[in-house]
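Colleague: Below you will find the structure I want to go over with you.
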Amino acid sequence: EFISANDLASLLDVSVNEIISVCMSLGMFVSINQRLDAEAITIIADEFGYEVEFTKTDEEESEVEEVDSPEDLEPRAPIVTIMGHVDHGKTSLLDYIRSSKVTSGEAGGITQHIGAYDVKTDNGEKIAFLDTPGHEAFTAMRARGAKITDVAIIVIAADDSIMPQTKEAINHAQVAGVPMIFAINKVDKPNANPNKIKEELANMNLLVEEWGGKYQSQEISAKTGQGIDELLEKVLLEAEILELTANPNRNAVGTVVEASLDKGRGYVSTVMVQAGTLKIGDIMLAGQHYGRVKAMFDHTGKKVKEAEPSTPVQVLGLSGAPQAGDILKVYDTEREAREIANSREQINREQSMRTKKHITLDEIGRRLAIGSFKELNIIIKGDVDGSVEALSDSLLKLSKDEVSVNIIHKGVGQISESDVLLASASDAIILGFQVRPSTSAKKLAEQEEIEIRHYSIIYDAINQIKDAIEGMLEPEF
Ligand code: GDP
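Quick note on the UniProt record's numbering: the sequence shown kicks off at 438 and runs consecutively.
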C-alpha cells in the first residue's frame with residue numbers, strides 16, 4: 438500500500454471526488470484517506486491518462502526474473518508442439534515417436550499421458566514434446582503468457598489437402614513467431630500426393646526448402662515410421678539455428694502443462710522445466726499455489742530426483758492445482774513463496790471486479806490518449822470469402838503512421854473458440870460479417886473479455902474501425 442486517495446488526487450491534479458467516482462465505476466469503494474495499493478493506483482491513474490512507474494525496493498527487485506550471464510548458459514533440447522487438421526495424424530505421430538524412441542529399459546511398461554514427454558534420438562540428442570496435439574492448447578497457453586514451444590510440427594495428410602485447421606495452425610505458429618516444419622503424413626497410402634501439398638503450401642507463400650524456399654518439410658508415415666527419424670533430425674537442425682540455451686544451475690523456472698487432483702497422491706502437476714534444475718525439496722510456486730517438491734516422475738512413471746531444462750516432469754507437493762500455462766518458479770524461502778501466493782490470490786479476487794484486460798473499440802480512444810496504442814489486431818470471420826477479402830483489404834488500408842491495422846487471421850465460417858483464443862493471445866478484436874459465434878465461443882469471449890463486433894454492411898465496419906483509430910468513436914453506453 439502506497440498513498441491515500443487524497444494524495445493521489447493531488448498528484449494527478451484532479452478532485453478526490455473524481456478519484457472516488459472512478460473507483461466506483463470500477464467496482465472499488467474507497468474513502469478519502471484510504472491507502473491504495475499499486476494495482477489500484479495504476480488503474481486509476483490510467484483512467485486519467487497517466488502511466489505510473491513504481492520504483493522497486495530491494496526486496497521486490499529480487500522477484501524480477503534473473504538474467505543469466507552468457508557463460509552460465511548451456512545448450513538445451515528443443516520443445517516441440519504438433520499441430521494440424523483433425524485426422525491428419527497428430528496423435529499417431531506423437532504415439533509413434535513416444536513408443537519408438539523411449540528406450541525399453543526406461544519404460545515401466547505403461548506409458549502415461551502426462552501432457553508432455555521427452556525422447557532421445559538415435560544419436561543421443563534429446564527432444565521434448567507437448568503431448569496435447571492441436572493449436573487450441575498451444576494458443577490457450579500463449580493466452581496466459583506462456584511461451585514454451587520452440588518448434589511447431591504442422592502435420593498435413595498427403596491424401597488430403599490443406600484444410601481450415603491446417604491454416605489455423607500455421608497462422609497460430611506464425612503469430613507466435615515459432616518456426617514450423619511441415620510433416621507430410623500418410624505417404625504409405627496409395628493415393629498420397631505429397632507434391633500437391635507442397636504446391637498448396639507454395640500458394641500460401643510457404644515455399645518448402647527443396648523448392649527453393651525456407652521451410653523444412655518431411656514426408657512421413659506415422660503408421661510405418663517412414664521418414665520420422667529424418668523429421669526429428671530436421672527438428673534438431675531447426676533447434677541448432679535457434680541456439681536454444683538455459684542455465685541449469687539456478688532456481689528452476691518452468692510452465693505448468695497440466696494439473697489434476699489424484700486421489701492417492703494429491704495435486705499432481707506436469708511441468709516443463711525451462712531454466713534451472715528442479716529438485717526434490719525445492720520450494721515452488723505456481724499461480725496461487727506453493728509447496729515443497731515431494732516427489733517427481735518422468736512420463737514413464739519412473740521416479741526422478743531432478744529435472745533439467747527442457748524436461749517434462751510430474752510434480753507432487755503443490756497446495757492446489759495451477760492452471761495450464763501458469764509459470765512455476767522455485768524460491769529460496771517458504772515465506773517468499775507464501776507471500777507471493779497470498780498477494781496473487783488477493784489481486785485475482787480484486788481483478789475480477791476491475792477493468793478489461795483486452796482491447797475493445799471503445800478502449801482504443803483511451804489508449805490513444807495515453808499514447809500507448811500502436812497496433813490494432815483484428816480477426817475477421819465472414820459468411821463468404823469475397824466479403825472477408827473485401828473487408829480485410831479495406832481495413833488494411835486504414836493503417837497510418839501512428840496506428841497499424843493487422844489482420845492476424847481471417848476465414849469463412851462461424852466464430853469459433855479457437856478464434857477467441859487467438860484474439861486473447863494477441864489482444865485482438867473479432868469482426869463477424871454475417872456470422873455469429875458458436876455458443877462455446879461466445880461464452881469464452883465473455884470470460885476472456887474479447888470484443889466481438891457484428892456487421893452486415895462492409896461500409897459500417899470500415900467506418901467504425903476508422904473512427905476508432907482516429908480516436909473519434911463515440912463510446913457506446
Ligand atoms: P489426429 O486427429 O490428427 O490426431 O489424427 P490421428 O492420429 O487420430 O489419425 C487419424 C486417422 O489416420 C487414424 O485412423 C490413424 O490410424 C490414421 N493415420 C494416421 N497417420 C497415418 C499414416 O501415416 N498412414 C496411414 N495409412 N494412416 C494414418
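Every residue gets a Cβ at the ideal spot worked out from N, C-alpha and C, and that includes glycine.
1. Is Ile852 closer than 9 Å to Lys818 when the C-beta atoms are compared?
2. Under three-state DSSP, which class holds Tyr652?
3. Along the chain, where does the alpha helix (DSSP H) that runs through Lys811 open and close?
4. For the ligand GDP, is there a heavy atom less than 8 Å away from the beta-carbon of His609?
5. Looking only at its chain, what residues have a beta carbon closer than 7 Å to the beta carbon of Phe575, apart from the 5 residues adjacent to it on each side?
6. Out of curiosity, what's the CA-to-CA distance linking Gln611 and Ala577?
7. Rounding to the nearest angstrom, what Cα-Cα distance links Thr569 and Ile551 in this structure?
8. With respect to 8 Å, is the separation between the Cβ of Ala477 and the closest non-hydrogen atom of the ligand GDP below this value?
9. Please report how far the alpha carbon of Tyr487 lies from the alpha carbon of Leu449, in whole angstroms.
10. Is any non-hydrogen atom of the ligand GDP found closer than 8 Å to the C-beta of Pro570, if you look at the structure I gave you?
11. Specify whether the segment 701-710 and the segment 737-751 touch according to this definition: at least 3 beta carbon pairs, one from each stretch, less than 8 Å apart.
12. DSSP puts His525 in a beta bridge; with which residues?
13. Within the present structure, is the beta-carbon of Gly526 separated from the nearest heavy atom of the ligand GDP by less than 8 Å?
14. In chain order, what residues of the same chain lie with their CB nearer than 6 Å to the CB of His795, ignoring the 5 residues before and after it?
15. Going by the beta-carbon positions, is the gap between Val825 and Lys847 smaller than 9 Å?
16. Identify, in the order they occur along the chain, each residue of the same chain with its Cβ nearer than 7 Å to the Cβ of Phe734, setting aside the five sequence neighbours on each side.
17. Nearest to Pro507 by alpha carbon, out of Glu636, Gly526 and Asn686?
18. Leaving out five residues on either side along the sequence, give the residues of the same chain with a beta carbon under 8 Å from the beta carbon of Met721.
19. Compute every distance between the C-beta of Asn622 and the non-hydrogen atoms of the ligand GDP, then say whether any falls below 8 Å.
20. Could you check if Asp666 belongs to the surroundings of the ligand GDP, using beta carbon to heavy atom distance under 8 Å?
21. Can you have a look at Ile894 and say buried or exposed, based on whether 16 or more other CB atoms are within 10 angstroms of its CB?
22. My output table needs one value for His572: the three-state DSSP class, helix, strand or coil.
23. Which stretch, first to last residue, makes up the beta strand (DSSP E) that contains Gly869?
24. Along the beta strand (DSSP E) that carries Gly848, what are the first and last residues, could you check?
25. How far does the beta strand (DSSP E) with Asn622 in it extend, from its first residue to its last?
26. From Cys460 to Ile777, what distance separates their C-alpha atoms?
27. If you draw a straight line from the alpha carbon of Lys493 to that of Glu854, how long is it in whole angstroms?
28. When we look at the beta-carbon of Asp509 and count the other beta-carbons within 10 Å, is it buried (16 or more) or exposed?
29. Decide if the segment 552-563 is in contact with the segment 475-490; the criterion is three or more beta carbon pairs, one per stretch, under 8 Å apart.
Modeller: According to the data block:
1. Along the sequence shown, one-based indexing puts residue 818 at 381. Along the sequence shown, one-based indexing puts residue 852 at 415. Yes, these two residues count as a Cβ contact at 9 Å.
2. Indexing the sequence shown from 1 puts residue 652 at position 215. Residue state, collapsed to three classes: strand.
3. As a position in the sequence shown, residue 811 is number 374, starting the count at 1. Note, Lys811: premise wrong, no alpha helix (DSSP H); not H, not E.
4. Along the sequence shown, read from residue 1 onward, the residue named residue 609 stands at position 172. His609: no, Cβ never under 8 Å from the ligand GDP.
5. Taking the first residue of the sequence shown as 1, we reach residue 575 at position 138. Excluding sequence neighbours, Phe575 sits near Thr518, Met520, Thr586 and His609.
6. Numbered from 1 along the sequence shown, position 174 holds the residue referred to as residue 611. Numbered from 1 along the sequence shown, position 140 holds the residue referred to as residue 577. Computed Cα separation, rounded: 15 Å.
7. Residue numbering aside, residue 569 sits at position 132 when the sequence shown is read from its first letter. Residue numbering aside, residue 551 sits at position 114 when the sequence shown is read from its first letter. So the alpha carbons of these two residues sit roughly 9 Å apart.
8. The count along the sequence shown starts at 1 and reaches residue 477 at position 40. No, since every heavy atom of the ligand GDP falls outside the 8 Å radius drawn around the Cβ of Ala477.
9. As a working note, residue 487 is residue 50 in the sequence shown. As a working note, residue 449 is residue 12 in the sequence shown. Going from the Cα of Tyr487 to the Cα of Leu449 covers about 8 Å.
10. As a working note, residue 570 is residue 133 in the sequence shown. Yes, the beta carbon of Pro570 sits closer than 8 Å to at least one heavy atom of the ligand GDP.
11. yes
12. As a working note, residue 525 is residue 88 in the sequence shown. DSSP output for His525 lists no bridge partner at all.
13. Walking along the sequence shown from the start, residue 526 turns up at place 89. Checking every heavy atom of the ligand GDP against the Cβ of Gly526, one is found closer than 8 Å.
14. On the sequence shown, position 358 is the one that residue 795 refers to. Counting only Cβ-Cβ distances below 6 Å, and skipping sequence neighbours, we find Asp864, Glu886 and Ile887.
15. Your numbering for residue 825 matches position 388 in the sequence shown. Your numbering for residue 847 matches position 410 in the sequence shown. For Val825 and Lys847, yes; Cβs fall inside 9 Å.
16. Here residue 734 corresponds to residue number 297 of the sequence shown, with the count starting at 1. Contacts found: Lys740, Val741, Val750 and Gln751.
17. Along the sequence shown, read from residue 1 onward, the residue named residue 507 stands at position 70. Closest option to Pro507, Cα to Cα, is Asn686.
18. Translated into the one-based positions of the sequence shown, residue 721 becomes position 284. Closer than 8 Å at the Cβ level, and outside the excluded window around Met721, lie Ala689, Leu715, Tyr727, Gly728, Arg729, Val730, Val752, Gly754, Leu755, Leu765, Lys766, Val767, Tyr768 and Ala774.
19. What you label residue 622 is simply residue 185 of the sequence shown in a count that begins at 1. Indeed, a heavy atom of the ligand GDP lies less than 8 Å from the Cβ.
20. In the sequence shown, the residue the question calls residue 666 occupies position 229. The answer is no for Asp666.
21. Against the sequence shown, residue 894 aligns to sequence position 457. Exposed, because fewer than 16 other Cβ atoms sit within 10 Å of the Cβ of Ile894.
22. Locating residue 572 in the sequence shown gives position 135, where the first residue counts as 1. Taken through DSSP and simplified to helix, strand or coil, His572 comes out as helix.
23. On the sequence shown, residue 869 is found 432 positions in, with the first residue counted as 1. Gly869 -> beta strand (DSSP E) spans Ala865 to Phe870.
24. Walking along the sequence shown from the start, residue 848 turns up at place 411. Run containing Gly848: Ser841 to Val849, per the beta strand (DSSP E) assignment.
25. Counting from one through the sequence shown, the residue named residue 622 turns up at place 185. Taken as a continuous stretch (DSSP letters only), the beta strand (DSSP E) holding Asn622 covers Met617 to Asn622.
26. By 1-based counting over the sequence shown, the position of residue 460 is 23. By 1-based counting over the sequence shown, the position of residue 777 is 340. Distance between the alpha carbons of Cys460 and Ile777: 25 Å.
27. Your numbering for residue 493 matches position 56 in the sequence shown. Your numbering for residue 854 matches position 417 in the sequence shown. Residue confidence is low: Lys493 scores 49 on pLDDT, short of 50, so the model does not pin down where it sits. No coordinate-derived value is stated.
28. Taking the sequence shown and counting its residues from 1, one reaches residue 509 at position 72. Exposed: under 16 other Cβ atoms inside 10 Å.
29. no
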